[in-house]
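Residue numbers (my numbering): 60 to 371.
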Amino acid sequence: MASKLKILIVDPIHIKLKNYMERNFTITVKHPITQQELINCIKKYDILVLRSGAQINNQFLEQAKHLRAIIRAGTGIDNIDLQALSKTDILFYNTPSTNSRAVAELSFSLMHCLFRHIKRASTEIESNIWNKKLLMGFELKNKNLGLIGFGSIGQEIARIAKGYDMQVSCTVSHYTAERAADMKKKDITLFDDLNVLMAFNDILVVCCPYTESTKNLLNKNNLCHLQPTSILINVARGGVVSEQDLYQSLANRDIYGAASDVFEYERQFSPLFTLDNFIGTPHIGAMTNESQEKIADLIIRFLEEKLLKEVY
60 MASKLKILIV DPIHIKLKNY MERNFTITVK HPITQQELIN CIKKYDILVL
110 RSGAQINNQF LEQAKHLRAI IRAGTGIDNI DLQALSKTDI LFYNTPSTNS
160 RAVAELSFSL MHCLFRHIKR ASTEIESNIW NKKLLMGFEL KNKNLGLIGF
210 GSIGQEIARI AKGYDMQVSC TVSHYTAERA ADMKKKDITL FDDLNVLMAF
260 NDILVVCCPY TESTKNLLNK NNLCHLQPTS ILINVARGGV VSEQDLYQSL
310 ANRDIYGAAS DVFEYERQFS PLFTLDNFIG TPHIGAMTNE SQEKIADLII
360 RFLEEKLLKE VY
């Protein structure tokens, strides 16, 4: 029997996947790991399993002399230079749409937390402060919900929103009258103007991919169109929203509140964390047992079909 392939895991994975890998491969877990540490050690491994932390670029690929596969245990690929990767013989695999429900549900959790002052209420009750009158909030029922992006996550959010009797609208990268008409049949309004979408809605959810065209898509030039009673939820990528401009909008009370599961620079302090009308979570959108198990099943199938057959 040939020697087992060596796998380097640099982000959390589901226990089902880890157990499978331990039975069939020689695995090493290095989490957390810096980019330089990854570059220094990657030459020893056949397979890399990562999420959104590490950067796959030319500098990394130059050292990945024995790498046969890169597995992105999730959806986003903004940390992976696909063009550079395509010039190598390294296989690439990711698991799109596996986290849609998990991220959509987190979006609604954050909406509730902002509108019902959950952060403040939890902190105050720990000090036996019962300021019920100061915690007056809002219901989600009948609110206008705007989505920036209408991929699998946006579509899942729209489905859930119908249960709240929300009026859903969105913008997409390529507007056409035909697509607008098709979405109207689903009771979803498609706007061709981002500023109009922002001014119209009580809740704005950012759920579009991070690309060069969406970098700092939301900034001071359009955040000003949100209403003082509006909230903003970012479950896309940190770089889609200018954190500096969002901070100013929140600090000035130009908008009611904001929440983000993603940040331009993760594992670093952000001034947003100091605001009482901001809620941050550490990129946990996909971190449900159900989502991670789906990811595990797909990766196991990939490993069996593409790599294990070659070894045994």
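For each residue, glycine too, the CB sits at the ideal point set by N, CA and C. Just so you know, these numbers come straight off a predicted model, no measurement behind them.
Which residue's Cα is closest to the Cα of residue i: the options?
{"i": "F18", "options": "L144, I290, L64, R326", "result": "The question about residue 18 has no answer here: the residues shown for the chain are numbered 60 through 371."}
{"i": "T333", "options": "I219, V162, A318", "result": "A318"}
{"i": "T347", "options": "S62, D148, A163", "result": "A163"}
{"i": "E121", "options": "L144, I130, F167", "result": "L144"}
{"i": "N117", "options": "A132, I106, D105, I98", "result": "I98"}
{"i": "P287", "options": "T273, L263, E323", "result": "L263"}
{"i": "D137", "options": "G112, F119, A128", "result": "G112"}
{"i": "K65", "options": "A128, G222, F167, P71", "result": "A128"}
{"i": "I101", "options": "T93, Q114, L67, P91", "result": "L67"}
{"i": "L366", "options": "A161, D105, D252", "result": "D105"}
{"i": "R326", "options": "D246, G297, I359", "result": "G297"}
{"i": "I247", "options": "G316, K63, A310, A217", "result": "A217"}
{"i": "S232", "options": "G222, D252, K221, K245", "result": "D252"}
{"i": "R160", "options": "I219, I92, F337, N311", "result": "I219"}
Should residue i be labelled buried (16 or more other beta-carbon atoms within 10 Å of its own) or exposed?
{"i": "H176", "result": "buried"}
{"i": "A240", "result": "exposed"}
{"i": "N153", "result": "buried"}
{"i": "Y371", "result": "The predicted model places Y371 with a pLDDT of 48, which falls under 50 and marks its position as unreliable; any figure quoted below should be read in that light. Under this definition Y371 is an exposed residue."}
{"i": "H342", "result": "buried"}
{"i": "E364", "result": "exposed"}
{"i": "M60", "result": "In this predicted model, M60 has a pLDDT of only 48, less than 50, meaning its place in the structure is not dependable enough to derive any value."}
{"i": "G196", "result": "exposed"}
{"i": "D320", "result": "buried"}
{"i": "D224", "result": "exposed"}
{"i": "N190", "result": "exposed"}
{"i": "D261", "result": "buried"}
{"i": "T235", "result": "exposed"}
Give me the Cβ distance between residue i and residue j, rounded to the nearest whole Å; I'm assuming they're in contact under 8 Å.
{"i": "H73", "j": "Q351", "result": "4 Å"}
{"i": "T182", "j": "S156", "result": "Actually they do not touch by this definition, with Cβ atoms about 36 Å apart."}
{"i": "G344", "j": "N83", "result": "29 Å between Cβ atoms; not a contact."}
{"i": "C266", "j": "V294", "result": "6 Å"}
{"i": "L194", "j": "M170", "result": "Their Cβ separation, rounded to whole angstroms, is 16 Å, which puts L194 and M170 out of contact at 8 Å."}
Query - Start-end ranges of the beta strand (DSSP E) lying completely within the region 115 to 184, minimum 3 residues - result: 128 to 131, 150 to 153
Query raised in the report: With contact counted as at least three CB pairs below 8 Å, one residue from each stretch, are the region 190 to 205 and the region 228 to 239 in contact?
Result: yes
Report task. Go through the region 227 to 285 residue by residue and report every complete run of the beta strand (DSSP E) that reaches 3 residues or more, in order. Result -> 247 to 249, 262 to 265
Query raised in the report: Are at least three pairs of beta-carbons, each pair with one atom in the region 305 to 316 and one in the region 326 to 344, less than 8 Å apart?
Result: yes
Query - Contact the region 82 to 92 vs the region 139 to 151: 3+ CB pairs below 8 Å - result: Contact between the region 82 to 92 and the region 139 to 151 is absent, because fewer than three Cβ pairs lie under 8 Å.
**Report entry** Completely contained beta strand (DSSP E) runs for the region 66 to 90, where each covers 3 or more residues
**Finding:** Taking only runs of at least 3 residues, the beta strand (DSSP E) segments lying wholly in the region 66 to 90 are 85 to 88.
Report task. Inspect the CB distances between the region 269 to 288 and the region 240 to 259 and report whether three or more fall short of 8 Å. Result -> Put simply, the region 269 to 288 touches the region 240 to 259. At least three CB pairs are less than 8 Å apart.
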